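K.L.:
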Amino acid sequence: MTTPLTTSTAAELARALAAGETTSVELTQAHLDRIEATDGAVHAFLHVDAEGALDQARASDERRARGEAASDLDGVPVAVKDVLATEGLPTTCGSRILEGWVPPYDATVVRRLKEAGLPILGKTNMDEFAMGSSTEHSAYGPTRNPWDLERIPGGSGGGSAAAVAAYQAPLALGTDTGGSIRQPGAVTGTVGVKPTYGGVSRYGLVAMANSLDQVGPVTRTVLDAALLHQVVGGHDPLDSTSLDQPVPDVVAAARQGASGDLAGVRVGVVTELGGEGYQPGVQQRFDEAVELLVGAGAEVVRVGCPSFTHALAAYYLLMPSEASSNLARFDAMRYGLRVLPDGVEAPSAEEVMRATRDAGFGDEVKRRIILGTYALSSGYYDAYYGQAQKVRTLIQRDFDRAFAQADVLVSPTSPTTAFRLGEKLDDPLAMYLNDVATIPANLAGVPGISVPAGLAPEDDLPVGLQLLAPIAADDRLYRVGAALEALLEQQWGGPLLTADKLDEAVAR
Amino acid sequence: MTDLVDYDEALAAYDPALGLEVHVELGTATKMFCGCSTVFGAEPNTQVCPTCLGLPGSMPAVNAVAVESAIRIGLALNCEIAEWCRFARKNYFYPDMPKNFQTSQYDEPIAFDGWTEVEVDGETFRVEIERAHMEEDTGKSTHVGTSGRIHGADYSLVDYNRAGIPLIEIVTKPILGTREKAPAVARAYVAHLRDLLLGLGVSDVRMEQGSLRCDVNLSLSPIGSGTLGTRTETKNVNSLRSVERAARYEVSRQAAVLRSGASVTQETRHWHEDTGVTTSGREKSDAEDYRYFPEPDLVPVAPSREWVDELRAELPEPPRVRRARLQEAWGFSDLEMRDTVGAGALGLVEQTIAAGATPQAARKWWLSELARRANEQGTELTALPITPEQVARIQALVDDGSLNDKLARQVFDGVLAGEGDPDAVVASRGLAIVSDDDALGDAVDQAIADNPDVAQKIRDGKHAAAGALIGAVMKQMRGQADAGRVRELILERLA
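Residue numbers (the working numbering), protein chains in the order written: chain L, 1 to 508; chain S, 1001 to 1495.
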């Protein structure tokens, strides 16, 4: 069911397009066909824009025919998480409250995709307003993991990760507030990058927690992630928090890393992110990967980041605080869902707001709005929001100390492999623990990547290894990530990901 | 009916403490956090974008000109300028708030700890400024229905053109020791602020268009108690006159409450321009918790000291200095100057003089003729639809003999009625003085014929009697005759 057009990497497709061996229309159509064939089982997409994607593909082919390619990736299709505003395409954030909303504008990253000539296949599924680690909190039904359709694809960006893992798209954009790009990457055997905070514009990203959110690439290879990162990254005057400096040359770093040589690179293993609470097979694959890095010349040290143990608690105060305020705008007055209260004649604006928010938000969203409202309340602010900000500062200091000893830090991306659908749905705390290793990076603003590290022996499901680098040193992630990828693929005799399991499941 | 205590009686028992919160809409070309136009009066919801509509995903970016204006206002009020400050979100739900939070400043205002001085009847009062901070305006709700208010409205319309317009909120510390002059001090402060802001060129400060909005806080405490009483915050006080009236009303009302043995409720009150009373709004005791926290979508504002010093050096002359200079230049008496300032006419008189009128003429028109009309309409001088240039032109027509004062008043009528410039009104209403002998001669002959007795007196040498005949000619010519020429013609004919 796959073809070389859908299993190739974005870098290969870009080369083939440049060489005239294929056309954007041909490969966009191939991906649309693949979506058609598999998305009934996977449900990675909330909205597929076949017509729009093909129009963009035709325009791309015309550009290439004129010798005026807009970028290296001109013509390579991409999927976009449904939390990013797309002009003329529905943007629901996985919520009922935005059902049918069509933004009148493009997020900056979407505009950059269009300017670079990447046809947009559609919008991918996600936990409602990016709140979750399994994509089960989507109001439009869960996405399934292509490795095992009974399991979760991670979250909140399970749709983007599953689309890439299912060969429905070579590239996707995700967003990462506490791990929503990296954790889905880990459990689907794909690559996910959370760039440095401010490295990629957030304009048009429907915010969950503005001080933590970051847009990043979801791909099957480290080089592809670098190529996409380069397209969407860089300063944006519309986002005041975006860094006013050029994106480091991540593509060159990925190419350099692919040689597998890590001589002189200092790798810090974070003591607090591993061991107890981590699935044995996850820990095992992680330890083996670290050994590979040593073999490639890296110098491995153990670093302690004691404040990381408070990261989850601080995160679950700061994130809901910001979210509770961000989500206040969904009030039925200007856009989105409007629900009139039952049995009320001529309801007031306030009654309509209440009825709409009650009907339009799911339980997890309501839980976080309540948490955040509480944490910001007068009399509680200092004890909750204020304390959490202090923890955040401590975590930043831990990173500063750690990066004095190591060029990059490593840990398992997620404590476990993909769990079963429904398994943690009734236990929010267990769900939150999925992000225990990814959250510190968001609190400190540092960049992180998850690369496939093999299959856990006990369940044959993908394990992710997380690399973290200092602020604005995203290139280090790509160099070390690409090296690890090359070393592992040598060992495996090819990529970890194959279409076999999914194709068998879909065929059944 | 609310009980009131006579104002003087109230003052005999209680000391008023004032506090003023003034919102100023800045005159920037674009909004506080987006590039939308701020022009007043456009079609509803045409000056909007994803950011000021609060659409999902949109983000704010600070208008640097607004920050500069805020700093200049702070400096003009002798404030400290923060080296580092942030915006904060003030969270509450209201349909005219696109995001259901207002991006404002909370505990880190751009300007703080300032002071200024205002003058009432020759007495100077120092007003301490607590803070001046930046924020965005909300949309404007119109409640449609017989009541005109949200209660009882059939439906409401919201215009988001105003949403996101930059505001500076200027808050005073309690103003004490003003005694019976409290209402006048309140008014003088707002007038002073208006002059100062006009001088800075940061706002058009038109109270009737809401570009300067005032909340009057007032409390009473027993004389000599040395404490502050419970205050009320009266909103919607949108003219200088109303500031004074509202303060005065609250003194009388609160005195009545206190005298009855009850205590004043801490609350928001609404000012009613038409009836001259305040009524209870929501109680502050169960005020909403605004859950302020730093706006995470914006980076801190950190004006460099060099920039602040530069702005300080470029500040215009302070109002007091300016007043002294102008008084000397114009040769006004203290009383004339005080009346001019009190009427909020200083800038208007200055501009009228700049347009060619003499100081006394400029003062005369603004403080008598136009002040009377503004008063009749319950509006401000600046709100009258006439410009200083037009006033100067009317005076020029008087000076060259084309108009007399009586005709000039009719020209004012025409200009204020929107009939066009003075010259257009003179032409369309046919108001120019007639000094043409042919036209005057007939009227003079008629007057002589109609008043033979008077004519005889003049023939007998009683030239003072000519006034009666001039009056008759004027009446006949609807006041448009050149009185001097008429007198000459009468005396010639009756010589």
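We put the CB at the ideal spot given by N, CA and C, even for glycine.
Being a predicted model, the structure only gives us computed values, none of them experimental.
Under 7 Å between beta-carbons, which chain B residues line up against A1061/S? List them in chain order, please.
P.N.:
Of the protein chains in the structure, L and S, none is chain B.
K.L.:
Am I right that V78/L and I120/L are in contact with their C-beta atoms under 8 Å? What's the rounded C-beta distance?
P.N.:
Sure, about 6 Å apart at Cβ, within 8 Å.
K.L.:
Can you tell me the Cα-Cα spacing of T221/L and K390/L, whole angstroms?
P.N.:
Distance between the alpha carbons of T221/L and K390/L is about 37 Å.
K.L.:
Please work out which residues of its chain come closer than 6 Å, Cβ to Cβ, to Q1351/S, disregarding the five sequence neighbours upstream and downstream, and give them in chain order.
P.N.:
These residues qualify, in order along the chain: P1388.
K.L.:
Any contact of the stretch 196-210 of chain L with the stretch 376-395 of chain L, i.e. 3+ C-beta pairs under 8 Å?
P.N.:
The answer is no - the stretch 376-395 of chain L does not touch the stretch 196-210 of chain L, with fewer than three Cβ pairs under 8 Å.
K.L.:
Considering just the uninterrupted stretch of the alpha helix (DSSP H) at S8/L, what are its terminal residues?
P.N.:
Premise fails: S8/L is in no alpha helix (DSSP H) and is neither H nor E.
K.L.:
Could you pull out every residue in the same chain whose Cβ sits closer than 7 Å to the Cβ of F1040/S, ignoring the five residues on either side in sequence?
P.N.:
Cβ neighbours of F1040/S beyond the five flanking positions: Q1209.
K.L.:
Going along chain L, which residues have a C-beta under 9 Å from K1099/S?
P.N.:
Those within 9 Å of K1099/S in chain L are S325, N326, A328, R329.
K.L.:
Please confirm if P1095/S has its CB atom under 9 Å from at least one CB of chain L.
P.N.:
Chain L, which has a Cβ nearer than 9 Å to the Cβ of P1095/S, makes this yes.
K.L.:
For a minimum of 3 consecutive residues, which ranges assigned as the beta strand (DSSP E) are wholly contained in the stretch 128-202 of chain L?
P.N.:
Counting whole runs of 3 or more residues, the stretch 128-202 of chain L contains the beta strand (DSSP E) stretches 171-175, 191-194.
K.L.:
Could you tell me the distance, in whole angstroms, from the CA atom of I471/L to the CA atom of A507/L?
P.N.:
One C-alpha to the other measures close to 45 Å.
K.L.:
Compare the C-alpha of D1496/S against each of M1097/S, A1076/S, Y1155/S and name the closest.
P.N.:
This structure leaves residue 1496/S out entirely; chain S is present only between 1001 and 1495.
K.L.:
Out of curiosity, what's the CA-to-CA distance linking S325/L and A375/L?
P.N.:
Approximately 11 Å, taken between the alpha carbons.
K.L.:
Please report whether the beta-carbon of V1190/S lies at a distance below 9 Å from any beta-carbon of chain L.
P.N.:
Output row for V1190/S: interface = no.
K.L.:
Using C-beta distances below 6 Å, list every residue in its chain close to P90/L, excluding the 5 sequence neighbours before and after it, in chain order.
P.N.:
Closer than 6 Å at Cβ, skipping near neighbours: H47, V102.
K.L.:
If the cut is a Cβ gap below 7 Å, which residues of chain L does L1298/S touch?
P.N.:
The answer, in chain order, is S240.
K.L.:
So what does DSSP say about S450/L, is it helix, strand or coil?
P.N.:
Strand.
K.L.:
Chain S partners of V42/L, CB-CB under 8 Å?
P.N.:
Per Cβ cutoff of 8 Å: no residues; V42/L is ~26 Å from chain S at best.
K.L.:
Can you tell me whether A209/L is helix, strand or coil according to DSSP?
P.N.:
Reduced to three states, the DSSP call for A209/L is coil.
K.L.:
So is S1203/S buried or exposed if we call it buried at 16+ other beta carbons inside 10 Å?
P.N.:
Buried, because 16 or more other Cβ atoms sit within 10 Å of the Cβ of S1203/S.
K.L.:
For Q1476/S and A1443/S, I'd like the C-alpha separation in whole angstroms.
P.N.:
Their Cα atoms are separated by approximately 7 Å.
K.L.:
Who are the Cβ neighbours of F1101/S in its own chain at under 8 Å, not counting the five residues just before and after it?
P.N.:
Taken in chain order, the residues that qualify are R1089, K1090, N1091, Y1092.
K.L.:
Quick check on the burial criterion: 16 or more other C-beta atoms within 10 angstroms. Buried or exposed for I1223/S?
P.N.:
Label assigned to I1223/S: exposed.
K.L.:
So which residues on chain S does V206/L lean against when the C-beta distance must stay under 7 Å?
P.N.:
Within 7 Å Cβ-Cβ: P1056, G1057.
K.L.:
Going along the chain, which residues of its own chain have a beta-carbon closer than 7 Å to the beta-carbon of R1131/S, five neighbours each way excluded?
P.N.:
Within the same chain, R1131/S has close Cβ partners P1109, A1111, F1112, V1171.
K.L.:
Taking Cβ-Cβ distances shorter than 9 Å, what residues in chain L pair up with P1359/S?
P.N.:
What P1359/S touches in chain L: nothing, since even the nearest Cβ is about 50 Å away.
K.L.:
Report buried or exposed for N1375/S, applying the criterion of at least 16 other Cβ atoms within 10 angstroms of its Cβ.
P.N.:
The residue is exposed, with fewer than 16 neighbouring Cβ atoms inside 10 Å.
K.L.:
Using DSSP with H/G/I as helix, E/B as strand and the rest coil, what is N1499/S?
P.N.:
Past the boundaries of the shown model lies residue 1499/S; chain S is included only from 1001 to 1495, so the question cannot be answered.
K.L.:
Do you know offhand how far V408/L's Cα is from E62/L's?
P.N.:
Cα to Cα, the separation comes out at about 43 Å.
K.L.:
Could you tell me how far apart the beta carbons of R1459/S and L1407/S are, in whole angstroms, since I believe they sit closer than 8 Å?
P.N.:
R1459/S to L1407/S, Cβ: 31 Å. No contact.
K.L.:
Under a three-way DSSP split, which group does E1136/S fall into?
P.N.:
In this structure, E1136/S counts as strand in the three-state DSSP scheme.
K.L.:
Mind reading off the beta-carbon distance from A314/L to R401/L? Whole number of angstroms is fine, and I expect it under 8 Å.
P.N.:
The Cβ separation is near 18 Å, so there is no contact.
K.L.:
Determine, using beta carbons only, whether K1031/S and G1201/S come nearer to each other than 9 Å.
P.N.:
No; because the gap between Cβ atoms is not below 9 Å, this pair is not in contact.
K.L.:
Consult DSSP for Y990/S and reduce its assignment to one of helix, strand or coil.
P.N.:
As displayed, chain S neither begins before 1001 nor continues past 1495, which places residue 990/S out of reach and without an answer.
K.L.:
Mind checking I370/L: buried by the 16 CB within 10 Å criterion, or exposed?
P.N.:
Exposed.
K.L.:
When we look at the beta-carbon of Q1456/S and count the other beta-carbons within 10 Å, is it buried (16 or more) or exposed?
P.N.:
By the neighbour-count rule (16 or more Cβ atoms within 10 Å), Q1456/S is not buried but exposed.
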